[in-house]
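If you're matching positions, the sequence shown starts at 22 in this note's numbering and goes up one per residue. Built from N, CA and C at the ideal position, the CB exists for glycine as well. As the structure is a computational prediction, the values presented were derived from the model and not from experiment. A short write-up of the structure that comes next.
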Amino acid sequence: MLERATACLKAGARDIPNRTHQATRSKPRLHSTFWNYGAGDLELPPWAVFVPAGLPPKPNSTSKSSPRRRYDGVDTTSTSASNDSFLDFLYPPQALAWLQHSSRQRWAQWERRNVKRLPKCCNPASRRYASSSCAQPAAAEAHLEQKKDTSHSSRTKSDAPDLDASHGDFEPLGLLPTQLTSMFSAKGLRSRSEAYKQSLQRKLSSVERSQAETDDLFADSPADLADSQEQDSCVGGLRGLRRLLQSGKRSNSSRDRVAHAWHLYMALAEDEKQDIRLKREMLAWLVKQDTESADAHCISLYWSLPPSARDLAVYQAACAAFLRRKHVRPVYGLHHEALSNIANGTQVTKTLFGHAMKSGDWRMALRVKEQLDEAFVEPAASRQQAMFWFDVAEQTNLLETAADFVSLCFKKHAHGHHVEPKLIRLALRLSEEALDQLVEQQLPVSKDYTRPAYAIGKVQRALRGIAKWSPRAQSIFEGAILSLLRRHESHSDYARAHPLVQYLYTQYRTFANTPLPQDMLMILLERLTQYTRNKPNLRTVDNGVLSIPMVVHDWKGHYEALSKRALHLLLGYYAASGDVHQVVSYFDSFRMQFPAYADQKSAFWYPIYVHARLCDPRNALLAFEEFQKLAAAQREQLDSKCWAILLHAFSRAHDTEGAFAAFRKMLDSGVQPTEYTFHPLTELLASMGDVEGVDELLQQFDTLTGERRTTSLAGSQMHACFNIGDNQGAEKILKQIVTDVRERKVSGSLTGCFNILITSYALKRDVNATMRVYRWMKSENVWMNEFTYSALMQALIHFRQTDAAKSIMLKVMPREGFQATALHYAIVMAGYNKQRLFGQALDTHAKMKENNVRDTLASRRAYLQAKAFHEQQMKNPTTADGQPAPLKEVIAELRAAIETTEGFDIAAKQPRFGYESSGHISAYLDSIMYIHSSRRCLEAVEAMFGMVQSSSNTALFTPGTPTLRLLTAFMQALYHAERYDEVEAFWKVAKQQADKIAAPPQVPDFTSTRDDGANANQAPSVDRVTHTSTANADQAEIGFGSITEPAQPELTSSPVGTRDAAVVVRPARGRRYILLGPLRQYMAALAKQNRIGDLVTTCTRLLQQGYAFDIIVWNRFVQYMCTSSPSLALLAFTLTERYMISKFPGWKKQTRHRPQRSARQENLQYIKARYLPREQVMPQYRTMLYLAAALIKLKRAETTRGRRNRREQGGLHRLVGTVRQIEERAPKTLAAVESMPNVDDKWQMRLLRAQQ
């Protein structure tokens, strides 16, 4: 029998997975042969005897009648025990060990898929290997009674004595204490556990039977069967509950999940439910669900835990549940118990205090703080207090919370309510912590990066309690000010901290008459001089505005006189701002306070520097000579710094003779030159585009100093290449500079050099090259500054992307830590003016004033131009007879700008915008004069021109002021008034001024003796001088003989000595375009008078002398040739072929749509070109129309008149030419004219259709 049993056991184990419904699910069925051959006399358990065939009984039925049985309609009686013995002799020891370890129902994954509901009378049994009917009812009953006793004693009143004592008859969950105790009784738990277990088993009882019997699926041994069962997952019970708790997912059905989890928990056995770890996990999971039922279960679980089992997580979960249900009273007892029960109970204090702060429940905050104070004694109390306030300081929105708390106290006090001193002390401490938090952290900025993110109003509300109630207010404010000043040193950092510093200081100075610390006043002066450098200058003390005059007033009020360091700081600040009055005042105070020459000589350079910033070399030289006499009296020489500043004054005024003479005197006096004395000279030559002169000076620098070159000197080489349009040469120099800096052959920062190259490409409208250099700059890890962004903005406005440039100014720059200057606002306003969006330009200026940015020459000029065009566009004032009237509003603002300016417009250390080379306030006038001259308002133009002559401000209108801009505007007004003789007279004046300004200097040899250098100055180089041209020279220039006897050219005197009267100096390459403005007006006047011969002669001589024409002058010149009488067609075509057609890109194919506004403004309609640089010369659309009209007129004349037409033309027939000559000499131009698109626009209708 035993031998057969061994084989049957193996076969039965293999048959279990496929024959689950033929036997009890949780009992292995031995093979039928075991029971049929000699095993029928074995004693079977009672449940196997009484169960009907084919139906498994319910293994958990312990009572004769239960609710679940009545629900199922089955009332069977089972006398079996839950613990049966095994057929030990049938199993090996390993199987027996595993069977003893297995105590729960396990389902294989394949069984889950086949589950179906069984009949109501059938329930699956637990998978246990019972083999004997030897039940032990007595042991089972004893075990049940033991569980009952344990469950009855699981929760008593002694578990939380503090809570019961503090809350009395408080009813958690809305239940009475007796109901809560009965809920956790053994009987109640047992009935609910059984009910839910049976419900689960009923839902999962139906399993689809698999009738396939194959030996491949059989298990080889009970151990193999055990391994397969170990892989089964639990669908209910403890494992299902833990899986749900570990899921960590939240969904919209949180309420159902909570109910499901709670039912799983209640269905557990009593010993499993009393597991401390499981209860903690349930608490942690339920508190995250944030539902009413979850909070109720949290509170129930919390009460069920003994105090010894409650840790920080339990207390925090219970606190969250109580607070969400707005049960505040139990929280106090919980907090008291946590402080005494666990070591880290102060974390509960942190949680409760944070909740009180967030909800504004200051009574609760005070109670929690008092409980913390009572829980500890010294020395632990001080340590816990420090840790508590440290945790409070880490709370978010502490400033806003403190401001609301202080406002509440003030509100109660204002309404006559009594405010407890304890609340006031708490509010003061919170305000101090909020101030410390704001001071110690990096102050945030708003989303648009234009102002601090913190509201100064919140700061004022939070700190006014300290100012009124705290006895330590003065020390608190002083410490906060010093901490802010020391932590925020850079300009951008202090810009964020300035509103807070301003409030603190204005409140601090209103306290008692305690002297303010000099260290704080000195640091404050340093920050203010840096912060207000581009801000409007305040002269008076405003009690609500922190300014330099306020700090100086307080300093003098407490200490009578400023310190030496403070005087140096103020002198440098006002000198850089161009404020002559303040420099003279503080320098006199300095001399009176420190009369010794040893103290004064370090301040000699300030009065010289203020005149240098104002482009006033005459007054700078006077100040220098005065100090030179003082030094001579002491038998000393002025240091190289004073000489460098004097040279800087001559350089800013473009006075080459004065600069070279001053440098020679410096060498003769024995002062050793430095890079700072050479740099003004190199910049002076670079502004003229004298590349050779810069190189020559750098060689002398190497000889005289023997020092390494700096990046500023190399930048002068790039600047010279930029001024002559050689961007490739500048880029080549920069590559060499980068290599030399890396090899330590050149010292200094590369930022300025990269800015020069980026600006040069931006002004050439080469966006690709601009971005390429910008990326190169970033790849070399070169620091950018605010002027790097100004170069990028200029590239954008040339492509009519002004909005993008404005975004860089208002968003990108503040985000990167840079403040926008007046230069950046000027670029944006100029871009809007270019797009004729004058309203947006005025809005940009208003934004600049809102941000408290001081105007400069470029910004005020762009604003006045926008203001004038906007007034003309919106109002267009007229006289009584309908003629245009002057723009009164803009004239009034222009007059106010001239009268109220203090010199900062010129003295600002900012690059000049665009091609402007004149740093003079007369730039305000030229744009307004242009607008009025186009309106034919000659009287207004004359009045504005008189402002310059009658002005008494010598600092603004110096004798060496360039007047070409003003002359151009005045010539335009005279042209519109048809006063052509006066136009010609002003042209001669302009030509003389240009020859004087544009004359290239002769670089002396400073390495030789003085006499040798003087001789070298009087020998002009051949390439800088041109002899006067004769008629043959004119012919060679244009390819034809002269029309009439040309007038003698104007002779100019050489700035470096007396020269032959027949010699005309060629202009410097960087100033070849200086005559463009006056020349346009003079050409128009000559064409209006039909003086074509004088026009051709004037242009020829200018070209031969070395002046250059831009695209506008060339196209107008050709147009005047075409519209002359007779039309000089051959000359016009020849000039176009020679100078312009090579750059012509061709016509567009699509001409159905109207050209864009930018194309119409640049006169490039239907041409494959846009955004041309100034140096590029090509025929414009209107010029091609004039050429086509001249060609049509010439063809008609040849057809109708023939030889008679040549006799009528007289001596001009060679310039008129014939169609055949045009085909021979200008084939490309003729082909472009003939291929011009035929469109119906006003210009073709006016110029071509009229002749056809």
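Buried versus exposed, by CB contacts within 10 Å (16 or more), Asp902: Along the sequence shown, read from residue 1 onward, the residue named residue 902 stands at position 881. Asp902 comes out exposed.
Cβ pair Ala741, Ala707 closer than 9 Å: Here residue 741 corresponds to residue number 720 of the sequence shown, with the count starting at 1. Here residue 707 corresponds to residue number 686 of the sequence shown, with the count starting at 1. The answer is yes: Cβ separation under 9 Å.
Proximity of Pro8 and Leu988 at Cβ, strictly below 9 Å: A query on residue 8 cannot be resolved here, the shown segment of the chain reaching from 22 to 1273 and no further.
Val1260 to Gln1171 span [Cα, whole Å]: Counted from its first residue, the sequence shown places residue 1260 at position 1239. Counted from its first residue, the sequence shown places residue 1171 at position 1150. Cα-Cα distance, rounded: 11 Å.
Residue span of the alpha helix (DSSP H) that contains Phe1130, given as start and end: As a first step, residue 1130 is located in the sequence shown; it is residue number 1109 there, counting from the start. Where Phe1130 is concerned, there is no enclosing alpha helix (DSSP H), because DSSP gives it neither an H nor an E.
Beta-carbon proximity check, Met1257 vs Trp1135, cutoff 9 Å: Taking the sequence shown and counting its residues from 1, one reaches residue 1257 at position 1236. Taking the sequence shown and counting its residues from 1, one reaches residue 1135 at position 1114. For the pair Met1257 and Trp1135, the CB atoms are not nearer than the 9 Å cut-off.
Exposure label - Val715; buried when at least 16 CB within 10 Å: Start at 1 with the first residue of the sequence shown, and residue 715 comes out as number 694. Under this definition Val715 is a buried residue.
Own chain partners of Gln856 with C-beta closer than 7 Å, once the 5 adjacent residues on each side are dropped: For this step, residue 856 is matched to residue 835 along the sequence shown. Same-chain partners within the cutoff: Arg821, Thr823.
For Pro905: DSSP bridge partner residues: To locate residue 905, count along the sequence shown from 1; it is residue 884. Note: Pro905 sits in a beta bridge opposite Thr899.
The segment 690-698 contacting the segment 665-672, beta-carbon criterion three pairs below 8 Å: Counting C-beta pairs closer than 8 Å gives three or more between the segment 690-698 and the segment 665-672, which meets the contact rule.
Extent of the continuous alpha helix (DSSP H) run through Glu1219: Position 1198 of the sequence shown, counted from the start, is the residue given in the question as residue 1219. Taken as a continuous stretch (DSSP letters only), the alpha helix (DSSP H) holding Glu1219 covers 1202-1221.
Residue nearest to Asp457 in terms of C-alpha spacing, selected from Gln416, Tyr951, Val440, Val427: In the sequence shown, residue 457 corresponds to position 436, counting from 1. The shortest C-alpha separation from Asp457 is found at Gln416.
Assumed close pair Met850, Ala883 - CB separation to whole angstroms, cut-off 8 Å: On the sequence shown, position 829 is the one that residue 850 refers to. On the sequence shown, position 862 is the one that residue 883 refers to. Indeed, because the Cβ distance is near 4 Å, the residues count as touching under 8 Å.
Nearest residue (CA-CA) to Leu333, options Leu259, Val605, Leu360: Sequence index remark: in the sequence shown, residue 333 carries index 312 (1-based). For Leu333, the closest C-alpha among the options Leu259, Val605, Leu360 is that of Leu360.
Environment of Val759 [buried if 16+ CB atoms lie within 10 Å]: Within the sequence shown, residue 759 is the residue found at index 738, counting from 1. Buried, since its Cβ has 16 or more Cβ neighbours within 10 Å.
Touch test, the segment 520-533 against the segment 838-846, Cβ-Cβ under 8 Å, three pairs minimum: Taking a cut-off of 8 Å on C-beta distances, the segment 520-533 does not touch the segment 838-846, as fewer than three cross pairs fall below it.
Sequence-distant residues of its chain with Cβ nearer than 7 Å to Ala644 (five each side left out): Position 623 of the sequence shown, counted from the start, is the residue given in the question as residue 644. Cβ within range, chain order: Pro628, Ile629, His632.
Neighbourhood of Gln738 by C-beta, 6 Å cutoff - its chain only, sequence neighbours within 5 removed: Translated into positions along the sequence shown, residue 738 becomes position 717. Val715, Ile754, listed in sequence order.
Other residues of its chain near His281: CB distance less than 6 Å, five sequence neighbours each side excluded: Here residue 281 corresponds to residue number 260 of the sequence shown, with the count starting at 1. Excluding residues within five positions, none has a Cβ falling inside 6 Å.
Helix, strand or coil at Arg730 according to DSSP, with G and I counted as helix: Position 709 of the sequence shown, counted from the first residue, corresponds to residue 730. DSSP places Arg730 in strand when its eight states are reduced to three.
C-alpha gap between Leu1251 and Glu764, whole angstroms: For the purposes of this step, residue 1251 is taken as the residue at position 1230 of the sequence shown. For the purposes of this step, residue 764 is taken as the residue at position 743 of the sequence shown. Their Cα atoms are separated by approximately 56 Å.
Where Ala423 falls, given that 16 or more other Cβ within 10 Å makes a residue buried: Your numbering for residue 423 matches position 402 in the sequence shown. By the 10 Å Cβ count, Ala423 comes out buried.
Between the CA atoms of Leu1156 and Thr1220 - distance to the nearest angstrom: By 1-based counting over the sequence shown, the position of residue 1220 is 1199. By 1-based counting over the sequence shown, the position of residue 1156 is 1135. Cα to Cα, the separation comes out at about 25 Å.
Where Val1086 falls: helix, strand or coil (DSSP): Locating residue 1086 in the sequence shown gives position 1065, counting from the first residue. Look at Val1086 here: in three-state DSSP terms it is strand.
Of the listed residues His866, Ser1029, Arg1101, Thr921, nearest to Val1004 (C-alpha basis): Start at 1 with the first residue of the sequence shown, and residue 1004 comes out as number 983. The shortest Cα separation from Val1004 among His866, Ser1029, Arg1101, Thr921 belongs to Arg1101.
Secondary structure, alpha helix (DSSP H): runs of 4+ residues fully inside the segment 288-369: With a minimum length of 4 residues, the continuous alpha helix (DSSP H) runs that stay inside the segment 288-369 are 291-294, 297-307, 313-325, 333-345, 350-362.
Helix, strand or coil at Ala163 according to DSSP, with G and I counted as helix: Stepping through the sequence shown from its first residue, residue 163 is reached at position 142. Because Ala163 carries a pLDDT of 46, less than 50, the predicted location of this residue cannot be relied on, and no value is offered for it.
Cβ contact check for the segment 1181-1197 and the segment 770-789: 3 or more pairs under 8 Å: At 8 Å Cβ cutoff, the stretches touch.
In DSSP terms, what Ile1188 is bridged to: On the sequence shown, residue 1188 is found 1167 positions in, with the first residue counted as 1. DSSP lists Trp1168 as partners of Ile1188.
Pro442 to Gly354 span [Cα, whole Å]: Residue 442 sits at position 421 when you count from the first residue of the sequence shown. Residue 354 sits at position 333 when you count from the first residue of the sequence shown. If you draw a straight line from the Cα of Pro442 to the Cα of Gly354, it is about 25 Å long.
Proximal residues to Leu718 (C-beta, below 7 Å), its chain only, five neighbours per side dropped: The residue you call residue 718 lines up with position 697 of the sequence shown. Contacts found: Phe699, Leu702, Thr703, Leu706, Val1024.
Proximity of Lys1249 and Glu1158 at Cβ, strictly below 9 Å: The residue you call residue 1249 lines up with position 1228 of the sequence shown. The residue you call residue 1158 lines up with position 1137 of the sequence shown. The beta carbons of Lys1249 and Glu1158 sit closer together than 9 Å.
6 Å Cβ shell around Arg1246 - same chain, five flanking residues per side excluded: Indexing the sequence shown from 1 puts residue 1246 at position 1225. Here the set comprises Thr1155.
Stretch pair the segment 548-558 + the segment 578-587: three plus CB contacts closer than 8 Å: No, because fewer than three Cβ pairs between the segment 548-558 and the segment 578-587 fall closer than 8 Å, the two stretches do not touch.
According to DSSP, residues forming a beta bridge with Val1237: The residue given as residue 1237 occupies position 1216 in the sequence shown. According to DSSP, Val1237 bridges with nothing at all.
Pairwise C-alpha distance: Gln528 and Phe431: As a working note, residue 431 is residue 410 in the sequence shown. As a working note, residue 528 is residue 507 in the sequence shown. Rounded to the nearest angstrom, the gap between the Cα atoms of Phe431 and Gln528 is 18 Å.
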